[in-house]
Each structure stands twice: as C-alpha cells, then as structure tokens.
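Using this note's numbering, the letters of the sequence shown correspond one by one to residues 366 to 461.
Idealized CB from N, CA, C, for every residue including glycine.
The structure presented is a predicted model; accordingly, all values stated were derived computationally and were not measured.
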Amino acid sequence: HILEIIDDLIECGVNIINPQIRANGFEELAKFKGKICIHLDLDRQLFPFARPEEIKSHIQEAVNKLNSQEGGLMLHAECEPDVPLENIEAICQVLE
C-alpha cells in the first residue's frame with residue numbers, strides 16, 4: 366500500500382510505480398493519472414477463476430481509469446499454470 370507516499374516519490378523524481386491493484390484500487394490510483402507512469406500488475410488472482418468476460422472487463426477498467434498520455438500506463442499480465450486457456454486468450458484479445 367503506497368498511496369500515502371506517491372506524491373513524495375514524484376517529488377523525489379520517481380517517474381514510474383508498480384502498485385498492486387488489490388492493495389491500492391483503481392479509484393485511488395486514478396488520482397495519480399498523468400503525474401506518474403503506472404506499471405500495473407493486473408489481478409492475477411482473478412485469472413484462474415473468472416470468466417473471460419470478467420477478465421476483459423478488469424483489463425478495460427484499468428485502461429479506462431489509469432491510461433494517460435502524460436504519465437503513461439504499462440500493463441503486466443502474469444499467468445500461472447492454473448489459468449485456463451480461454452482466460453489467457455481473453456487477456457491477449459483485450460490487450461491487442
């Protein structure tokens with residue numbers, strides 16, 4: 366949970382952060398949109414159990430709430446062996 370110090374990190378010259386979405390939330394991270402590049406690990410706990418539509422929605426929400434030309438957004442999707450192939454396909458489709 367790094368929300369309380371992100372402004373300080375920006376002031377110190379940090380230009381990219383790698384927050385956990387479950388610990389920080391889209392709404393809270395969106396406050397820093399355009400101020401710093403967000404390198405977001407997508408919710409890998411969701412990937413094994415969610416339906417493909419839920420995964421697509423999760424990724425689209427990240428893009429809609431955090432993407433910015435000024436700061437930037439990088440998405441990271443890590444899939445463990447227990448992630449069904451259809452969910453991996455959903456991740457790839459929405460990231461195209």
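Proximity below 8 Å, CB of residue i to CB of residue j
| i | j | result |
| --- | --- | --- |
| Leu368 | Glu393 | yes |
| Leu440 | Ile420 | no |
| Leu438 | Asn432 | yes |
| Ile370 | Ile401 | no |
| Glu426 | Gly399 | no |
| Glu451 | Arg409 | no |
Rounded distance between the beta-carbons of residue j and residue i, thought under 8 Å
| i | j | result |
| --- | --- | --- |
| Asn389 | His366 | 6 Å |
Simplified DSSP state of residue i, which is helix, strand or coil
| i | result |
| --- | --- |
| Leu407 | coil |
| His423 | helix |
| Cys457 | helix |
| Ile367 | coil |
Exposure label - residue i; buried when at least 16 CB within 10 Å
| i | result |
| --- | --- |
| Pro413 | exposed |
| Pro384 | buried |
| Val448 | buried |
| Leu407 | buried |
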